[in-house]
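Peer 1: I have a structure here, written as structure tokens, and I will follow up with some questions on it.
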Amino acid sequence: MARPRSTLVSIEDTPFYHCMSKCIRFAWLTGVDKYTGKSYEHRRDWVESRILELAEVFAIDVAAYAVMSNHLHLVLRVDIFEANSWTDREVVEHWHQLFKGSDITQKFAQGEVIESFEVTDLKHSIAQYRSRLSDISWFMRALNEPIARKANKEDGCTGRFWEGRFKSQALLDETAVLACMAYVDLNPIRAKVADTPETSDFTSIKKRIKAAIKGEQPEALLPFIGNERKEMVKGLMFSAKDYLQLVDETGRIIRVDKRGAISPESQKILNRLNIPQENWLKLTTEFSRLFKGPVGTVQELGVYCEHLERKRRQGAANCQRWLCSS
């Protein structure tokens, strides 16, 4: 039985979550249908553009994404502090970029006078919008629903385009986050639709590589800030260069026609994470198969389950086996 989303998300334990949506009824998100020969490649623009748009509107950062032929992966970071720092007007302005809102919030946004009897409703709406703008379920809803409507219109049909629920799992430590990001970024290489990360179209890794060539990082993606900048609240505690090199080397090993190896520089990252190379390769090739629920050390998993009042620690055996060196 599917669990309510509230029993899967614990911001107290981690802001990072791996989300996946899959098409149904043999619907094609992107790519070419091998049975009919019809191309859906143009839908990649729909999906990637929407992901990057939502990253600017929500108090949710996108760490990684990959748009595949019939599903998509995301690694998201919820930023409660950003949502709480917005003024009431900023909350309404963010919400109105995606949704119409109410007559009262429209009046408020346009600077019109709010009558005394409307104040309570306005405050309620703002509180509701603030909460939703840092909610993974609302992020995925704002992503999936417009894509479904456009795809159904193009396909000349009605009904569900996506599975009823998107899948999500908590990433409880930096090892889980980094392994899941690499797993997502390497999706096209594992699926043999791309040879290298830089040719993996409509993925976060390609966007990061293009920016890195210019000595930059993509504004729409959660940045790498490195170990030396721990005073910064928001960011990934590795350097972009180290991550890109690690993913590239991992991809070369995954490809059977390439002779790949983990360099001493990348091995330093794995040593810091206390992950043997063979474990790393297992995590980045079989992450979704190994873990159906939260991912982290057994200790972190126990705390997470305690906070959510869950008696069963789902996936504890695989967390113990693959997320430690012993």
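Just so we're aligned, residue 1 is where the sequence shown starts under the UniProt record's numbering, counting upward by one. Just so it is clear, CB atoms sit at the ideal spot from N, CA and C, and this is done for glycine as well.
#1: Taking only runs of the alpha helix (DSSP H) that begin and end inside the segment 104-183, which ones reach a length of at least 4 residues, in chain order?
#2: Does the Cβ-Cβ distance between A151 and R50 come in under 8 Å?
#3: Please name the residue, chosen from C324, C319, Q97, K214, that lies closest to Q277 on a Cα-to-Cα basis.
#4: DSSP has I205 in a bridge; who is on the other side?
#5: Identify the residues that DSSP records as bridge partners of A66: which are they?
#6: Return the first residue and the last residue of the beta strand (DSSP E) that C19 is part of.
#7: Starting from Q320, trace the alpha helix (DSSP H) in both directions and tell me its first and last residue.
#8: Around the C-beta of P264, are 16 or more other C-beta atoms found within 10 angstroms, so that it is buried, or is it exposed?
#9: By the three-class DSSP mapping on this structure, what secondary structure does V295 have?
#10: Kindly list the residues whose CB is nearer than 7 Å to the CB of G251, restricted to its own chain and excluding five residues on each side of it in sequence; keep chain order.
#11: Note down the Cα distance separating Q128 from G101, rounded to an integer number of angstroms.
#12: Contact between the segment 71-84 and the segment 95-114 is defined here as three or more beta-carbon pairs at a separation below 8 Å; is this criterion met?
#13: Might you give, ordered along the chain, the residues of its own chain that have their beta carbon closer than 7 Å to the beta carbon of K206, omitting 5 neighbours on each side?
#14: Find out if the Cβ-Cβ distance for the pair S239, F224 is shorter than 8 Å.
#15: Can you give me the C-alpha to C-alpha distance between V75 and C180, rounded to a whole angstrom?
#16: Under 8 Å between the Cβ atoms of I91 and R130?
#17: Go ahead and label I136 buried or exposed: buried means 16 or more other beta carbons lie within 10 angstroms of its beta carbon, across all protein chains shown.
#18: For I60, write down the residues that DSSP places opposite it in a beta bridge.
#19: Can you look up L221 in the DSSP assignment and give me helix, strand or coil?
#20: Of the choices K34, I213, E286, whose alpha-carbon is the least far from that of Q183?
#21: So, does the segment 168-176 touch the segment 6-15, judging by three or more C-beta pairs under 8 Å?
Peer 2: On the basis of the data shown:
#1: 119-132, 136-155
#2: Position 151 of the sequence shown holds residue 151. Position 50 of the sequence shown holds residue 50. No, these two residues do not count as a Cβ contact at 8 Å.
#3: The sequence position of residue 277 within the sequence shown is 277, counting from 1. Ranking C324, C319, Q97, K214 by Cα distance to Q277 puts C324 first.
#4: Position 205 of the sequence shown, counting from 1, holds the residue named residue 205. According to DSSP, I205 bridges with nothing at all.
#5: If you number the sequence shown from 1, residue 66 lands on position 66. Its beta-bridge partners are H73, T203.
#6: Position 19 of the sequence shown, counting from 1, holds the residue named residue 19. First-last of the beta strand (DSSP E) with C19: 16-22.
#7: If you number the sequence shown from 1, residue 320 lands on position 320. Its alpha helix (DSSP H) spans residues 316-322.
#8: Within the sequence shown, numbered from 1, the residue matching residue 264 stands at position 264. The residue is exposed, with fewer than 16 neighbouring Cβ atoms inside 10 Å.
#9: Residue numbering aside, residue 295 sits at position 295 when the sequence shown is read from its first letter. Reduced to three states, the DSSP call for V295 is strand.
#10: If you number the sequence shown from 1, residue 251 lands on position 251. Answer for G251: L186, I189, T196, P197, listed in chain order.
#11: Residue 128 sits at position 128 when you count from the first residue of the sequence shown. Residue 101 sits at position 101 when you count from the first residue of the sequence shown. Computed Cα separation, rounded: 11 Å.
#12: no
#13: Residue mapping note: residue 206 aligns to position 206 of the sequence shown, counting from 1. Excluding residues within five positions, the ones whose Cβ falls inside 7 Å are P197, E198, S200.
#14: As a working mapping, residue 239 is identified with position 239 in the sequence shown. As a working mapping, residue 224 is identified with position 224 in the sequence shown. Yes.
#15: To locate residue 75, count along the sequence shown from 1; it is residue 75. To locate residue 180, count along the sequence shown from 1; it is residue 180. When rounded, the distance between both Cα atoms is 8 Å.
#16: To locate residue 91, count along the sequence shown from 1; it is residue 91. To locate residue 130, count along the sequence shown from 1; it is residue 130. The question names Ile, but residue 91 in the sequence shown is Val. Their beta carbons are under 8 Å apart, which means V91 touches R130 by this criterion.
#17: Numbered from its first residue, the sequence shown carries residue 136 at position 136. That one is buried.
#18: Translated into the one-based positions of the sequence shown, residue 60 becomes position 60. According to DSSP, I60 bridges with V78.
#19: Numbered from 1 along the sequence shown, position 221 holds the residue referred to as residue 221. Looking at L221 - three-state DSSP - the assignment turns out to be strand.
#20: Translated into positions along the sequence shown, residue 183 becomes position 183. It is Tyr, not Gln, that sits at residue 183 in the sequence shown. Of the candidates K34, I213, E286, the one whose C-alpha sits nearest the C-alpha of Y183 is E286.
#21: yes
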